[in-house]
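Numbering (our numbering), first residue to last: -1 to 618. The beta carbon of each residue, even a glycine, is placed where N, CA and C say it ideally should be. See structure below.
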């Protein structure tokens, strides 16, 4: 109590101080200008002398408004010392909206600083206030940032979920432009998930809307994303068409290095080697990040390969991969997103802090007593529940033993009854031979009796073997599940190969997935490196897919071994992009060969032709 009194007196003195009217008026004016004229709001806030502030609440409000004004003026502040004043104050005082905004802009500052883990922690705490906030615009901003953070760590399902929430809030808030950008973000995630149809649909819709509202920036963004998406899919004709539309309308002077690197592939596919070389040089000139360098090296490798300069192509490819590996190793040293756990720990610390400052000793004692009683109650409850479950398990075990005895007894009885019937039958036959006194009617009657007894015997046997039959069915299902798991494993492996290959063409500062690419590459070498690796893959596919490759080689006569290998990669679950990477050729070649194979299979119409067609049709 002696320690609490000075603190209370200090707080009373602080609350008794009145801030100068002109300071409060300036802050009110800055807040009113924040949305309509953020530059004027920032200028006004910069004129205030913070050393003259008398109240902590004034410092906190100024810190929040100043950080907000910087963000709206596209000033990427990386020092969280100012916004921390607002966060610390509004966690204990002020209204809920101020607390939300302080947490949101604290996350924005941490994002700018590259501290994604703590940024996500701040966003997660702000998310708890969304329902109470009742502001769809700021809710949309929050979920957009959360979508970006999830994307930094390649958690694409959660990133997509966050962007979808942002889209709904922007739509409710009637923020049309923000709504369209949220759709563009979703299209990027769908592309990363290899759902190109959904991504293309969203981009097409946004492009139409952007043309209606005559928003050139959004049009340029959508066209650029479309070019890169079609290039990833190997649809070079569409990529070239979109690229021509883009440069005709906007030019390429302001395009990123990653985009220009993808243009190199498009130009090469169209036979424009000089233009491809010019785009590559321009891409090198604009390269700023390590990711840009990776994209340039890989684009250079592709250009050298088109010229049949395979040594230079290999050198450029290996240089890009080396940079990727370095970035991936650095990124994987970062902590994984466990913000929920960290947030809970921080919240518990905060609640303990509140109790220490704001509650009296006797209230704390009551809480301790209540917790003790609750703990005892929980302990007793757990003991009773444990005893109940133990007794239940014991009864079930006893019941299982009884049922097993009954099954064995039924089985033994069935066997004995069957032996007895057969022995009786043999004896009767022998008697009839010896005596020859029985009529045909009596023989028929006896045979009918035998049939009835044999039917009863079969019923006993069916009862006893029902469990075995069930297990057999489960084994068939397990075999099917086994193939599904193997197929899913290689499908996911190919998706990560495609994601890692895309990272070389995108302007992404985070490098978390690139070491994973190397790990995946090493794993896939077991199945693709040389003749031995391919044999292992073929054995694995045969084992889990009912000898499908054996059937294929027996039924189909392909002119090249490469055709068998590509079929095997399709059956395993690899995507077209992954197969192109493994077989060191273009996706267009893989796609055309696949179409020719499907035509040949349909034409010959072998026993397993439909199975081959079904498996090939699943691959994109």
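Here residue 376 carries a helix assignment [DSSP, helix/strand/coil]. Taking 8 angstroms as the upper bound for CB-CB distance, residue 301 and residue 275 are in contact here, some 7 angstroms apart. Excluding five sequence positions before and after residue 273, the CB atoms of its chain that fall closer than 6 angstroms to its own CB belong to 265, given in chain order. With a cutoff of 8 angstroms on beta-carbon distance, residue 40 and residue 77 are scored as not near each other.
The distance from the Cβ of residue 587 to that of residue 614 is about 16 angstroms, inconsistent with a contact at the 8 angstroms cut-off. Per DSSP, reduced to three states, the secondary structure at residue 558 is coil, with no helix or strand assignment. A check of alpha carbon separations from residue 581 across 594, 112 and 566 identifies 566 as the nearest. In the displayed model, residue 306 falls within coil according to three-state DSSP, outside both helix and strand. Per DSSP, the unbroken alpha helix (DSSP H) holding residue 70 starts and ends at 54 to 70.
The residue from 568, 571, 552 and 575 with its alpha-carbon nearest to that of residue 602 is 552. For residue 126, no alpha helix (DSSP H) run applies, since DSSP gives it neither H nor E.
Residue 59 places its beta carbon 8 angstroms or farther from that of residue 42. Residue burial annotation: residue 45 is exposed, with fewer than 16 other C-beta atoms found within 10 angstroms of its C-beta. In its chain, beyond the 5 residues on either side, 134, 135 and 138 have a beta carbon closer than 7 angstroms to the beta carbon of residue 171.
The beta-carbon distance between residue 213 and residue 175, rounded to whole angstroms, is 7 angstroms. This is short enough to meet the 8 angstroms contact definition. Where residue 156 is concerned, the enclosing alpha helix (DSSP H) starts and stops at 154 to 170. Here the alpha carbons of residue 575 and residue 569 stand approximately 15 angstroms from one another. Cα atoms of residue 277 and residue 195: separation of roughly 28 angstroms, rounded to the nearest angstrom. The beta carbons of residue 303 and residue 311 sit closer together than 8 angstroms. Bounds of any alpha helix (DSSP H) do not take in residue 286, whose DSSP letter is neither H nor E. Across the set 184, 246 and 285, the C-alpha of 184 shows the shortest separation from the C-alpha of residue 165.
Listed in chain order, the non-local C-beta contacts of residue 178 below 7 angstroms within the same chain comprise 204, 207, 208 and 216, local neighbours out to five positions each way being set aside.
Around the Cβ of residue 594, a 10 Å sphere holds fewer than 16 other Cβ atoms; the residue is exposed. The three-state reading of DSSP puts residue 174 in helix, counting H, G and I together. Take the alpha-carbon of residue 220 and the one of residue 362: they are about 59 angstroms apart.
Judged by beta-carbon spacing, residue 162 lies beyond the 8 angstroms limit of residue 103, meaning their Cβ atoms are not closer than that value.
Bounds of the alpha helix (DSSP H) holding residue 240 are 234 to 247. Between residue 99 and residue 62 a beta carbon distance of about 6 angstroms is seen, short of the 8 angstroms cut, so the two are scored as contacting.
For residue 533, the enclosing alpha helix (DSSP H) starts and ends at 528 to 542.
A straight-line Cα-Cα distance of about 20 angstroms links residue 55 and residue 127. Non-local C-beta neighbours of residue 315 in its own chain, meaning closer than 8 angstroms and more than five positions away in sequence, comprise 295, 296 and 299, ordered along the chain.
Using a Cβ distance threshold of 8 angstroms, residue 85 and residue 108 do not count as a contacting pair. Excluding residues up to 5 positions away in sequence, nothing lies with its Cβ nearer than 7 angstroms to the Cβ of residue 320 in the same chain.
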